[in-house]
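Below you'll find the structure, written out as structure tokens, and then a few comments.
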Amino acid sequence: MDSEDDCGFGYDAFRRTCPSHTVLEMLASKWVYLVVCALRKGRLRNGELARKLEGITPKMLTQTLRVLERDGLVRREIFPVIPPRVEYELTELGHNLAGLLTQIRSWAEQHAPDIKDARARAIADGEEDRAA
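In structure tokens form, the structure reads like this:
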């Protein structure tokens, strides 16, 4: 195994049976990614998250928050008031992940025009190939 690929934690994501695959699958969800980034600055209620994350359905937000809570990235606190108030915040593990995801988000925002242009060129090139 290459030293570049060896993470030193006893796991190897390139191996089919590696348990880290479940973590990578969870992280591959855009909603997981966006919820973690949204919570980076502090606690939010469900409605605040829904407003911040344009396009997320209530069902998807609930599922995403449950996954993040299950995996130890988000902490949910229920306040015994009427109506009940629930707030979500990142755990220490969640904050650790949020730093990495924020860097990826910044890269995506910075390079979105480059990717958009490349896609347009690929479509144009594909149309030229079909015409030939």
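Residue numbers for the sequence shown follow our numbering, beginning at 217 and rising by one.
Every residue gets a Cβ at the ideal spot worked out from N, C-alpha and C, and that includes glycine.
Since the model is a prediction, treat every value here as computed from it, not as a measurement.
- For TYR249, the uninterrupted alpha helix (DSSP H) segment begins and ends at 246-255.
- Non-local C-beta neighbours of ALA254 in its own chain, meaning closer than 8 Å and more than five positions away in sequence, comprise LEU260, LEU265, LYS268 and LEU269, ordered along the chain.
- Of the candidates ARG232, VAL252 and ARG231, the residue whose Cα lies closest to the Cα of GLN319 is VAL252.
- Inter-residue distance for VAL239 and TRP323 is about 22 Å (C-alpha atoms, whole angstroms).
- Counted as a single uninterrupted DSSP element, the alpha helix (DSSP H) harbouring ARG267 occupies residues 262-268.
- Non-local beta-carbon contacts of ALA314 in its own chain, meaning distances under 8 Å to residues more than five positions away in sequence, involve VAL252, CYS253, LEU255, ARG256 and LEU306 in chain order.
- Cα atoms of ASP333 and GLU303: separation of roughly 40 Å, rounded to the nearest angstrom.
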